[in-house]
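For the sequence shown, my numbering begins at 19 and goes up steadily by one. Note that beta-carbon positions come from the ideal geometry of N, C-alpha and C, so glycine has one too. Remarks on the structure that follows.
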Amino acid sequence: MSARPKFRYYTASTLDGYLADLDDSLDWLLTQPIDENGPMNYTEFIADIGAMVMGWTTYRWLLDNEVSDGKPWPYDMPCFVFTHRDVVPVAESISVVAGSPADHRDLLIAAAGDKDVWIVGGGDLAAQFAEAGMLDEIVVSFAPVTVGAGRPLFPRRFDLELIDTARNRAFVCARYAVVGPRSRISS
Ligand SMILES: NC(=O)c1ccc[n+]([C@@H]2O[C@H](COP(=O)([O-])OP(=O)(O)OC[C@H]3O[C@@H](n4cnc5c(N)ncnc54)[C@H](OP(=O)(O)O)[C@@H]3O)[C@@H](O)[C@H]2O)c1
């Protein structure tokens with residue numbers, strides 16, 4: 019096992035490779051049966067996480083769906099929101115950042131302490147981390163649904179190595195190591 023922190027992209031996806039549909043709805047996900055104690059479950063994953071990273075759309079989704087009606091921000095750990103916007107965070111644990119992930123590498127490592135960094139999403143931000151050499155693994159739970167269009171899972175060319183697979187009720191769960199960028203071969 020490599021030294022900590024690892025940078026880990028842990029997410030769920032439709033079978034056709036979307037994190038959310040074009041309306042940023044997750045209804046395709048939240049209606050699926052899952053065993054919360056089953057393979058690759060969230061509880062075990064989050065126990066190893068010391069800091070989290072997300073893009074603006076994901077942050078906004080959390081504000082709209084998890085922090086509405088007076089509910090507090092649901093995470094105690096340091097959270098880094100990538101955006102170009104002038105945002106006033108809703109919790110002291112949230113930092114607003116922009117630019118290349120590499121610009122924030124030392125900050126993220128320090129924030130994670132002796133744990134790992136969770137790249138929450140979206141997919142392009144996770145791919146920016148991969149391009150900066152700051153993505154060790156991708157763990158995806160694929161739901162048995164397609165939505166045709168939406169927010170992509172990982173919209174860059176990369177080679178991955180399949181490390182582990184499992185079934186958790188409706189989901190096919192897969193763990194991949196990030197190998198590196200996949201060059202284009204002209205035919
Ligand atoms: N299925 C799941 O488990 C799962 C997991 C995570 C997220 N989601 C959902 O998937 C969707 C993801 O949305 P998304 O694809 O738009 O991705 P996102 O990463 O959440 O948001 C993208 C935005 O983040 C900002 N951003 C990204 N990289 C940046 C950088 N290097 N510097 C500064 N700002 C940067 C930009 O916004 P600005 O320039 O406008 O600031 C960009 O348009 C959301 O609906 C989310 O709720 C689902």
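Per-residue DSSP class, three states only, for residue i
i	result
ASP39	strand
ILE52	coil
ILE64	helix
TRP74	helix
ASN59	coil
TRP136	strand
Chain D contact for residue i (CB, 7 Å cutoff)
i	result
THR164	Included in the structure is just one protein chain, with no chain D present.
Continuous alpha helix (DSSP H) stretch holding residue i: start and end
i	result
PHE189	Counting along the chain, PHE189 falls outside any alpha helix (DSSP H), though it belongs to the beta strand (DSSP E) covering 189 to 199.
LEU126	123 to 130
Start-to-end residues for the beta strand (DSSP E) that takes in residue i
i	result
GLU149	Counting along the chain, GLU149 falls outside any beta strand (DSSP E), though it belongs to the alpha helix (DSSP H) covering 141 to 149.
PRO170	168 to 170
ASP177	176 to 186
ALA120	Counting along the chain, ALA120 falls outside any beta strand (DSSP E), and DSSP gives it neither H nor E.
Beta-carbon separation (whole angstroms), residue i vs residue j, contact threshold 8 Å
i	j	result
LEU37	GLY139	5 Å
Q) Pairing CB atoms from the segment 169 to 186 with CB atoms from the segment 195 to 204, are three or more of them under 8 Å? A) yes
Q: Evaluate the contact criterion for the segment 33 to 40 versus the segment 93 to 103: three or more CB pairs, one atom per stretch, below 8 Å.
A: no
Q.
Is it the case that the segment 56 to 65 contacts the segment 120 to 127, given that we only count it when at least three CB pairs across the two stretches are under 8 Å?
A. no
**Q.** Stretch-stretch touch, CB-based, cutoff 8 Å, three pairs: the segment 78 to 93 with the segment 140 to 153
**A.** no
Q | At least 3 beta-carbon pairs within less than 8 Å: the segment 70 to 83 vs the segment 130 to 148 | A | yes
Q: Spell out a yes or no on whether the segment 40 to 50 and the segment 159 to 167 are touching, meaning 3 or more CB-CB pairs, one atom from each, closer than 8 Å.
A: yes
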